[in-house]
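Accompanying notes for the structure given below.
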Amino acid sequence: MNSKIFLNTKFLILPNSNTTSIEILSELIRKFGGEIIEDLEDLDKNTVILINDSYIGDSGSLIQQDLFRRECHVNFTTLEDFVHANELQIVRVSCVSRWIKQGAFQILGEDLVSIISDTGEEHGSQTSTDNSITDIIIDENVPDSEAETEGNIELESFEDVENRNSMQYEHINEPLIESSYINLGKNDVLIKALNLLAKKYRLKGDQFRARSYTLAKASIEKCPYKIESGAQAQRELTNIGLSIAKKIDIILKTGILPGLEEVNLVERKLDYFTNCHAVGSYKAKRWELFKLSSFSDVVTRFPDDFITDWTMLFGWSYYEDWSKRISREECECHLKIVKDTLKTIDPSCHVELQGSYVRGSETCGDIDLLFYKQYCDDTKEIGIIFEKLVRLLFRKGFIQCSLMLTSKLQETFKDILRERFQKCGLKYPSGSSLFASDINKKYYLGTKLPTSVYKARDEPPLLKLKECDKYMSLSSSRKNENPCRRLDFFCCKWSEIGAARMQWTGSGEFNRWIRLLADKHGLKLSQHGLFTREGELLESYDERKIFQLLHVDYVKPELRSEGLWQQDETKGMIKK
DNA sequence: AGGCTGTACTG
DNA sequence: CAGTAC
DNA sequence: GCCT
DNA sequence: AATTG
DNA sequence: CAATT
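Be aware that the first sequence starts at 1, since it is given in full-length UniProt numbering, and climbs by one per residue.
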């Protein structure tokens, strides 16, 4: 194994042999019998010049020569002369690892590096020799380069590199004039494709791969110029790696990514299922596996799924309504109704809108309400208020259904539940309890405004039930009624109100970002507060203090929606 | 290799 | 504990 | 799938 | 990031 | 440095 493959060979490493990584490499070379020299005086005819790969371009020639010469610890010109005189081999340093791995010291054509100096015009023959070398390199590369690139690069590779470079600068320097408008949307195809890929993997249950595509999409969305190649994207943007770069190339060349159009058949079914509340990728996958494609199929084949997870019944019933957006105005009406009833139960309990509403969104997907009582750190107390509140609001006809129950509330909702079970041909599980806890710190509800209070604009749902599933629908289509809305109750301790507001204000992406940031500070952030690793509370009451402790300028809720917090600084998706 | 936000509820 | 949701 |  | 050749 | 985990 440890044969002295470099025996009697001297190596000169350029431009520096004293960087940490090169030192390690040097030790390896010595270990395998080679000798590292630092000085030109030690040069001999068998010496091999090793050059740091970061100074070697795609075509096998030295790039950034001026920088290279400056970094060089030996006199480059003297070296050049010696090299020419003795025809020394100049090789990229990355070969060393291959030699050692293969146990053979063999220099291939593609390893060679040409160091043509711009100054010498009398080296005409040399230049052509060098060119022929690069030609050989390319020829040898063609069979090697495998499925990836399609060998068009062989001609004019130098120009290609230069063009690419100058284009980079153009794009970076003057995106203001044209790109903002003309190029806006130029990356749409890529964005759509990445979005589809994210969705595809999310449906498959591969959350992390899906997340990667989501982040890559975000990078490209923020990219101010048009992306010309996968390699460019990988170089200049974060969260784009080899795999996505390849896909970008394919999309740019063919306009389409194979596998995105066809797979939709399966994907479509999964999507239909998972858009129902309480149906995630796991259930959807399982149902699809059994060739089910509608909820009525499921109810026939797996009735138990609806009994154990009865909230699906309401997900199904309000499938269409719950896909609709809600106006800010309507959010306020919902709040008012809740608030008015709350007053009659406990005037000292406060409720406020959270979620996308506080972030200023024009429309909201659901309505998030946060409850708290001044000086009260007993969430049990609020849990009890919740139960009363839900019961009263149900009696008033405001609450249509609850996806969380207590024993009392199961009684309250008994008729509705029974009706829903029967409607789809199931027996109401009268013996079993549909609740787990008797005091809930949160409630997921379906609520509907009386038209006398507010009438929502009649808009078609973003999602539609299949015909065969419509018999269960309670959605408002074509009726002179408001749609049913998803409304969530959350509560928090008075002492945790800052952290709680932070959590329920979101966005989800913002929460992830700032929690990761906390993690990098060795801290942990949740709706309960900012803690040390050991669990010691640092702050939970004052939202601004939490920002301070994380060394972040306060971000207004309006700026916490998807793209735009991290105000203007580094967070740009453009790499370093 | 291991992380990818952190927590609550259900069965 | 897994699955789902926020 | 990307990052460290 | 840490490890390995 | 590149490849691996």
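Heads up, the beta-carbon is just placed ideally off N, CA and C, and yes, glycines get one too. Keep in mind it's a predicted model, so treat the numbers as computed, not measured.
DSSP lists no beta-bridge partner residue for Lys222.
With a 10 Å radius around the Cβ and a threshold of 16 neighbouring Cβ atoms, Thr344 comes out exposed. Taking 8 Å as the cut-off, the beta carbon of Tyr443 is found no closer than this to the beta carbon of Met472. Taking C-beta separations shorter than 8 Å and ignoring five residues to either side along the sequence, the partners of Glu558 in its chain run Arg359, Gly360, following chain order. When the Cα atoms are used, Ile49 and Phe32 turn out to be separated by approximately 17 Å. For Ile37 and Leu7, the gap between their C-alpha atoms comes out near 14 Å.
CA-CA distance, Asn75 to Ala85, rounds to 16 Å.
Here the alpha carbons of Leu517 and Tyr213 stand approximately 21 Å from one another. Only buried fits Tyr372, as 16 or more other CB atoms lie within 10 angstroms of its CB. If you ignore the 5 residues before and after Asn239, its C-beta comes within less than 6 Å of the C-beta of Leu215, Ala216, Ser219, all in its own chain and listed in chain order. Taking C-beta separations shorter than 7 Å and ignoring five residues to either side along the sequence, Asp81 has no partners in its chain. The residue from Arg560, Val91, Ile439 with its alpha-carbon nearest to that of Ile51 is Val91. By the CB criterion at 8 Å, Leu40 and Leu88 fall outside the cutoff. The residues Arg486, in chain order, have a CB closer than 6 Å to that of Asp366 in the same chain once the five nearest residues on each side in sequence are set aside. The beta carbon of Ile191 is closer than 8 Å to those of Lys217, Ile220, Glu221 in its chain, skipping five residues each way along the sequence.
A residue is called buried when at least 16 other Cβ atoms come within 10 angstroms of its Cβ; Ala245 meets this threshold and is buried. For Ser402, the enclosing beta strand (DSSP E) has its first and last residue at 399–402.
The segment 449–465 and the segment 330–344 touch, with no fewer than 3 CB-CB distances between them shorter than 8 Å.
Contact annotation: Gln354 and Leu335 have beta-carbon atoms that are not nearer than 8 Å. The residue among Asp469, Pro347, Thr254, Ser407 with its C-alpha nearest the C-alpha of Ser437 is Ser407.
For Gly446, the enclosing beta strand (DSSP E) begins and ends at 442–447. Taking C-beta atoms as the reference points, Ser281 and Asp249 fail to come closer than 8 Å. Assignment of Ile49 by DSSP, reduced to helix, strand and coil, places it in the strand class.
In this structure the segment 509–516 does not lie against the segment 390–400, because fewer than three pairs of beta carbons, one per stretch, are closer than 8 Å.
Ranking Glu562, Trp99, Asp206 by CA distance to the CA of Ile5 puts Trp99 first. The continuous beta strand (DSSP E) containing Gly529 extends over residues 529–532.
Closest option to Ile227, judged by alpha-carbon separation, among Gln207, Val189, Ile256: Val189. For Asp542, the closest alpha carbon among the candidates His528, Ile115, Phe208 is that of His528. Closest option to Gly255, judged by alpha-carbon separation, among Trp287, Ala193, Lys199: Ala193.
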